[in-house]
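In the working numbering, the protein residues as written are 3 to 136. Yeah, the Cβ is synthetic: ideal placement off N, Cα and C, and Gly gets one too. Structure, as structure tokens:
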Amino acid sequence: SEKCIDALRRWKIEQMQKSLTLGTAWNGKRGKDFDENYIFTKADGSPMAVDTPLQALRRIIERYNKSHEDQLPLLTLHQLRHTNGSVLISNGVDVATVAHRLGHSNPEVTMRFYVHPDQTKDQNASDTLDSALG
Numbered sequence: 003s004e005k006c007i008d009a010l011r012r013w014k015i016e017q018m019q020k021s022l023t024l025g026t027a028w029n030g031k032r033g034k035d036f037d038e039n040y041i042f043t044k045a046d047g048s049p050m051a052v053d054t055p056l057q058a059l060r061r062i063i064e065r066y067n068k069s070h071e072d073q074l075p076l077l078t079l080h081q082l083r084h085t086n087g088s089v090l091i092s093n094g095v096d097v098a099t100v101a102h103r104l105g106h107s108n109p110e111v112t113m114r115f116y117v118h119p120d121q122t123k124d125q126n127a128s129d130t131l132d133s134a135l136g
């Protein structure tokens, strides 16, 4: 989404500023190679551990659950990706577009794993059939 792209652009600027502030203590890429840095890094620009984003997501969910009655499940990043695809499809985004956004080379993969029956749409289908049959 445009909001996500804007946030990533701002984050990149922050990382660039951080690299300039740290000088030689910055362990990430510099100059024309700066775009090769990971999106999420340690404070010094070096790659973080593979499970760090998952741990951060879990902390965010746990913090939310402590202050809200409607509890969120503890999702993995892959489950969050799956939710993204399913939400797009259930809100009418065509499967080919969702497949493209998820990086699937074949929309059949998207259909197999991301399209689920929707109770509201199923009820609407039933009502439509009842109406057609009189």
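Nearest to residue i (by Cα), restricted to the options the options
i	options	result
Val97	Arg114, Gly33 and Gln81	Arg114
Arg83	Arg103, Ser128 and Ser107	Arg103
Tyr40	Gly25, Leu22 and Met18	Met18
Boundaries (first-last residue) of the alpha helix (DSSP H) holding residue i
i	result
Lys34	Neither: Lys34 is in no alpha helix (DSSP H) and is coded neither H nor E.
Ile62	Thr54 to Ser69
Asp129	Gln121 to Leu135
Asp8	Glu4 to Leu24
Tyr40	Tyr40 -> no alpha helix (DSSP H), and no H or E assigned at all.
Val117	From DSSP, Val117 is part of no alpha helix (DSSP H); its letter is neither H nor E.
Environment of residue i [buried if 16+ CB atoms lie within 10 Å]
i	result
Gly105	exposed
Thr112	buried
Ser21	buried
Beta-carbon spacing of residue i, residue j below 8 Å
i	j	result
Gln63	Leu74	For the record, residue 63 in the displayed sequence is Ile; it is not Gln. Yes, they are a contact pair.
Glu38	Lys44	no
Ala27	Asp8	no
Residue i beta carbon near the ligand SAH (any heavy atom closer than 7 Å)
i	result
Lys5	The ligand SAH is absent from the structure shown, which contains no ligands of any kind.
Residues that DSSP places opposite residue i in a beta bridge
i	result
Pro49	Thr43
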